[in-house]
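Notes for the one structure printed next.
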Amino acid sequence: MSNLPWADSKKLDEKDFYNREQEINNLSNILDSTGESHAPKILLTGIRRVGKTVLLNRIKDIMDEDYLVINMDFSMSQTYQKNNMSIEGLLDYYYNQIIKESKRRKLNTLDSKINKFLKSNNFKLKDVLSFEHIPIPVITSKRDLNKYIEFVFNLPEKIYEKNKDKIKGVIIIIDEFQIIKEIGNYLESFLWVFRGYITGQPNIAYILSGSMSLQDNLISEIAGLNGVFGGGMITIHVNPFTKETTRKYLEEKAPEIMFTDDGFERFYKCTSGIPAYINIFGRLLPSGVVLDERGVVENFDNNLPMIITHLINQWNRLTIKEKDIIIELLDKPLKRIELADNLGVKSGSLGGKLNNLINQGLISNVNGKYEVTALLLKRWLILEYEKNNIYPYKI
Ligand SMILES: Nc1ncnc2c1ncn2[C@@H]1O[C@H](COP(=O)(O)OP(=O)(O)OP(=O)(O)O)[C@@H](O)[C@H]1O
Ligand SMILES: [Mg+2]
23 MSNLPWADSK KLDEKDFYNR EQEINNLSNI LDSTGESHAP KILLTGIRRV
73 GKTVLLNRIK DIMDEDYLVI NMDFSMSQTY QKNNMSIEGL LDYYYNQIIK
123 ESKRRKLNTL DSKINKFLKS NNFKLKDVLS FEHIPIPVIT SKRDLNKYIE
173 FVFNLPEKIY EKNKDKIKGV IIIIDEFQII KEIGNYLESF LWVFRGYITG
223 QPNIAYILSG SMSLQDNLIS EIAGLNGVFG GGMITIHVNP FTKETTRKYL
273 EEKAPEIMFT DDGFERFYKC TSGIPAYINI FGRLLPSGVV LDERGVVENF
323 DNNLPMIITH LINQWNRLTI KEKDIIIELL DKPLKRIELA DNLGVKSGSL
373 GGKLNNLINQ GLISNVNGKY EVTALLLKRW LILEYEKNNI YPYKI
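When we follow the numbering used here, the leftmost residue of the sequence shown carries the number 23, and every step to the right adds one.
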């Protein structure tokens, strides 16, 4: 078995992290304008499992020397984990992460000022969430919430001002940003408010990213010309590995995996150059055996459930109706009206479900027809049907 990294690693050390030179150069150049008080706001996109999170963690390591880099992952917030999403909960997390990282860097975190602010606004304090005795206010009214929002979103500027001699600026990375969609009315209640604060901060750079499909409405809501940032966001896209990069990657990191030319072509096709799949599938291939096309397909089909565990989890979370839609589309792309006819439902009833499947990156709409874009899921469903004569609605 090869030593390729596990596919659930969120952070890779330098020896495991491969390539991405161009993205790293690009990102660090853009981010460096923060030092000249032109802090950029960036949206990092890329299909699922392509390596956005590990790239962001590399960026943190690289920029850490000159900047205060705060890495947030909204899916790690208590409010999300406990299935109790609220703006207030997200702010608690935001605030905690800022203070935690600043303290780790031994920066002045304005503790006495914060205490004074909280006291003078008559906030009651809760201590369940507190990290190293950071007071966190209890929010009971809309007025308090607005003050808390202002306080939290302005805190990075304040910390920068106080620590100018030690850092060139602040970089805030927010991964799994799409989680804000679980806040009711997130556009008005969160996104616009957030924008109001962050666009006026010349020394604080922001990178937003997450597990979004490229057709997710959130992307245009953030970065589109009519989006919240009105075109003021820089979008950087992370691509899958090219065939050449994949070949070099395997030669360097897993020389024990051997292919004929056809075998390699098939390996690339099966993984679509997505690093997570390259790593999982690579780890499952036998060492020291030359694999031709058939060998690759056999190994792939036999190991498919292991390669796509996260897609199968995603499948499991779909409703029966959503599963029906995917199954109906396995054969060929269909127009919405055709799909509705085949399923025996009204076309109007499909809107929300189709949108949800698109947002999850499982299907897409190409020239007016819906098709399955999660090809590995498609392959698995077909194989399961061949094996059991029934689609795996429940597993
Ligand atoms: N540059 C790289 N070098 C080696 N392996 C990589 C690289 N980028 C990604 N990987 C592999 O892919 C896996 C998934 O990467 P990551 O979690 O960063 O993807 P993601 O784009 O954030 O996915 P999601 O959209 O699901 O959040 C990593 O755990 C690692 O195994
Ligand atoms: Mg990620």
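Here a beta-carbon is modelled for each residue, glycine too, at the ideal position from N, C-alpha and C.
Integer-rounded CB distance, given that L326 should sit under 8 Å from F281: Not confirmed; about 19 Å, so no contact.
Any idea if R316 is buried or exposed, counting beta-carbon neighbours within 10 angstroms, 16 or more meaning buried? exposed
Name the DSSP beta bridge partners of E393, please? S386
Would you say the beta carbon of T267 comes nearer than 7 Å to a heavy atom of ligand 1? no
Got a list of residues with beta-carbon closer than 6 Å to any non-hydrogen atom of ligand 2, in chain order? K74, T75, D197 and S233
Taking the alpha helix (DSSP H) that M94 falls in, what are its first and last residues? Here M94 belongs to no alpha helix (DSSP H); instead the beta strand (DSSP E) covers L90 to D95.
Run through DSSP, which three-state label would M328 get? helix
Same chain, Cβ closer than 7 Å to I119, neighbours up to 5 away in sequence not counted: Here residue 119 turns out to be Gln, not Ile, going by the sequence shown. Only I92 and M94 meet the Cβ criterion.
Where in the region 225-265 do unbroken runs of the alpha helix (DSSP H), each at least 4 residues long, occur, reported from the N-terminal end onward? 239-245
At the level of alpha carbons, what is the spacing between K420 and L129? A question about residue 420 goes unanswered here, because the residues of the chain that appear run from 23 up to 417.
What are the boundary residues of the alpha helix (DSSP H) that K169 is part of? K164 to N185
Give me the residue from L307, N248, F251 and T293 with the minimum Cα distance to P277. L307
Own chain partners of D284 with C-beta closer than 6 Å, once the 5 adjacent residues on each side are dropped: D314 and E315
With hydrogens ignored, establish whether the beta-carbon of Y40 is closer than 7 Å to any heavy atom of ligand 1. yes
Through-space distance from N364 to K82, alpha-carbon basis: 50 Å
Residue span of the beta strand (DSSP E) that contains P159, given as start and end: I158 to V160
By DSSP, does L313 sit in helix, in strand, or in coil? strand
Looking only at C-alpha atoms, which of L376, N144 and K400 sits nearest to K391? L376
Taking the alpha carbon of D166 as the reference point, which residue from L140, L384 and Q237 has its own alpha carbon closest? L140
How far does the alpha helix (DSSP H) with L306 in it reach, from first residue to last? P297 to L306
Between K302 and the rest of its own chain, which residues show a CB-CB distance below 6 Å, the 5 nearest in sequence each way excluded? The identity of residue 302 in the sequence shown is Ile, whereas the question assumes Lys. Contacts found: A29 and I329.
Mark V388 as exposed unless 16 or more other C-beta atoms lie within 10 angstroms of its C-beta, in which case mark it buried. exposed
Sufficient close CB pairs (3 or more, under 8 Å) joining the region 203-221 to the region 48-57: no
With a cut-off of 8 Å on the beta carbons, I'd call L26 and R269 a contact; round off their distance for me. Not confirmed; about 14 Å, so no contact.
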